[in-house]
Amino acid sequence: MNEIRPWRTIERRQSRQIMLGSVPVGGDAPITVQTMTNTATEDIGATIDQIRRCEDAGADIIRVSCPTEESTRDFDQITSAANVPIVADIHFHYKRALEAADKGAACLRINPGNIGSSERVAEVVRAAKANGCAIRIGVNAGSLEKHLLEKYGEPCPEALVESALDHIKLLQDHDFHEFKVAVKASDVFLAVAAYHGLAETVDCPLHLGITEAGGLIGGTVKSSIGLGSLLWAGIGDTIRVSLSAEPEEEVRVGFEILKALGLRTRGVRVVSCPSCARQGFDVIRTVQALEERLQHIKTPLSLSVLGCVVNGPGEARETDIGLTGGGNGKHMVYLSGMKDHHIDDGAMLDHIVKLVEDKAAQIEADMTDAGDAEAVAAE
Ligand code: SF4
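Per our numbering, numbering through the sequence shown is continuous, rising by one, with the last residue being 380.
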């Protein structure tokens, strides 16, 4: 058999790094996960509550729409309450961009070619520079400029890339370089081809998304194919999974995509079987309950939950904690890949949750000790 090429490496495209507040995007920074609030921005309390839930789910960056003057009036309350950088989403009204920049937005999502005169672009750039704001250009196949649709006949990768380059040029003409770019489409082939084209042409960080991807299951599949393909090719510095689902779900799906490719680690990576007649316990209900109860764990660790000994021991060997179904309501628990003890059906759930929590605490403590030791060695 011919030698198989290295099969677990992703070589990331070398992009320029920009900062969104204190969060780096691009270069060798971790690929960040974004989402967007869907509360009325004017409802400050509801928006901050949703931001908090997204932060708890792990969002690195959160976008908030600014469609009206009222939405930016108290925008500073939102940006100061958030623990992550806030991106102000602006369409049509460039004044909202000026207001959001003044009120603490870390980034403006605005297409400079769509806001009218060069003076307006200059004003937005001035506000961004004065407030240390980045800009995200967001080209979307659904709202391509008329002249590009006429030129190309339909949304195509070349049209998306040309639109992005036009917007980029406007910022560069104003000596502004703290930008990242998205070329989104709901068609996976179109989006992926456009991102490849853009990645070959520019060095700025790329914000990936398959827009209007659909509901939780369909949208997750579509995003996983589109974003997964790009990330696997090394393209992408920050991602947003667009789902007709709660923003926290977008964050969870985003992390799962990155975790599957080994690009981020966060929380419990669950390995579980689909179950069959051989299962020693109700695998599906158990995994559902464990995923729910272990959402608060941020420390990366792995847990295998398999219904029987066909594949249970093999998977348990590769995970931090393993559970394999046995007969008579007694199941085997593996710790660090080794058989450790039996657990009864009724006590199983609480027991595994406790084991995972203890393991996470131990990993955290070890990491703190290692950090302390490194600090001492450095002194
Ligand atoms: S591990 Fe066992 S219970 Fe699970 S699917 Fe395989 S054979 Fe069935």
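Even glycine gets a Cβ: it sits at the ideal position worked out from N, Cα and C.
Residue i versus the options, residue with shortest Cα-Cα distance
i           : options            : result
residue 86  : 21, 175, 203       : 21
residue 297 : 38, 15, 57, 19     : 57
residue 24  : 62, 89, 331        : 62
residue 11  : 274, 67, 234       : 234
residue 127 : 99, 68, 170        : 99
residue 275 : 39, 308, 356       : 308
residue 60  : 31, 363, 218       : 31
residue 256 : 284, 225, 245      : 225
residue 343 : 337, 328, 354, 357 : 328
residue 29  : 47, 66, 229, 236   : 236
residue 186 : 143, 352, 367      : 143
residue 315 : 282, 272, 354, 279 : 272
residue 146 : 285, 345, 117      : 117
residue 94  : 258, 119, 67, 161  : 67
Beta-carbon contacts of residue i that lie in its chain and below 7 Å, excluding the five residues immediately before and after
i           : result
residue 381 : In this structure the chain extends from 2 to 380, so residue 381 is not present and cannot be described.
residue 361 : 298, 300, 302
residue 5   : none
residue 223 : 189, 211, 214, 215
residue 380 : Residue confidence is low: residue 380 scores 45 on pLDDT, short of 50, so the model does not pin down where it sits. No coordinate-derived value is stated.
residue 364 : 300, 302
residue 108 : 21, 86, 88, 134, 135, 136, 137
residue 341 : 334, 335
residue 158 : 191, 194, 195, 198
residue 279 : 308, 309, 311
residue 15  : none
Supposed close pair residue i, residue j - CB separation, criterion 8 Å
i           : j           : result
residue 110 : residue 139 : 5 Å
residue 313 : residue 323 : 7 Å
residue 220 : residue 245 : 7 Å
residue 337 : residue 321 : 6 Å
Close Cβ partners of residue i (< 8 Å) along its chain, the five nearest in sequence each way excluded
i           : result
residue 350 : 287, 290, 291, 294
Nonlocal neighbours in the same chain, by C-beta distance under 6 Å from residue i, ignoring five residues either side
i           : result
residue 179 : 19, 135
residue 3   : none
residue 52  : 63, 83
residue 54  : 249
residue 47  : 40
residue 132 : 102
residue 285 : 276
Endpoints, the beta strand (DSSP E) within which residue i is located
i           : result
residue 309 : Run containing residue 309: none; DSSP gives neither H nor E here.
residue 137 : 135–141
residue 273 : 269–273
residue 67  : Segment: none, residue 67 is in no beta strand (DSSP E) and carries neither H nor E.
residue 108 : 108–110
residue 21  : 19–21
residue 36  : 33–37
residue 25  : 24–26
residue 212 : Note, residue 212: premise wrong, no beta strand (DSSP E); not H, not E.
residue 89  : 87–90
residue 9   : From DSSP, residue 9 is part of no beta strand (DSSP E); its letter is neither H nor E.
Limits of the alpha helix (DSSP H) - the one that residue i falls within
i           : result
residue 190 : 189–202
residue 258 : 248–261
residue 79  : 76–82
residue 125 : 119–131
residue 325 : Counting along the chain, residue 325 falls outside any alpha helix (DSSP H), though it belongs to the beta strand (DSSP E) covering 322–325.
residue 169 : 158–174
residue 285 : 284–294
residue 147 : 147–153
Short CB-CB distance (under 8 Å) between residue i and chain D
i           : result
residue 216 : This model lacks chain D altogether, as it is built from one protein chain only.
query = Does the region 143–160 come within contact of the region 117–127, defined as at least 3 CB pairs closer than 8 Å?
reply = Three or more Cβ pairs closer than 8 Å define a contact, and the region 143–160 falls short of that threshold against the region 117–127.
query = Any chance the region 192–210 sits against the region 161–168, with 3 or more Cβ pairs inside 8 Å?
reply = Yes: the two stretches touch, three or more of their Cβ pairs being nearer than 8 Å.
request  = Taking 8 Å as the threshold, find out whether the region 170–180 comes into contact with the region 192–200 through three or more Cβ pairs.
outcome  = With contact defined as three or more Cβ pairs closer than 8 Å, the region 170–180 and the region 192–200 are not in contact.
key: Sufficient close CB pairs (3 or more, under 8 Å) joining the region 256–275 to the region 297–313   = When C-beta atoms of the region 256–275 are compared with those of the region 297–313, three or more pairs fall below 8 Å, so the two segments count as touching.
key: the region 205–221 in contact with the region 237–250 per 3-pair CB rule at 8 Å   = The way I'd put it, the region 205–221 does touch the region 237–250; three or more beta-carbon pairs between them come closer than 8 Å.
ask   = Within the chosen definition, does the region 247–261 reach the region 34–48 through at least 3 CB pairs nearer than 8 Å?
value = A contact is defined here as three or more CB-CB pairs under 8 Å, and the region 247–261 meets this definition with respect to the region 34–48.
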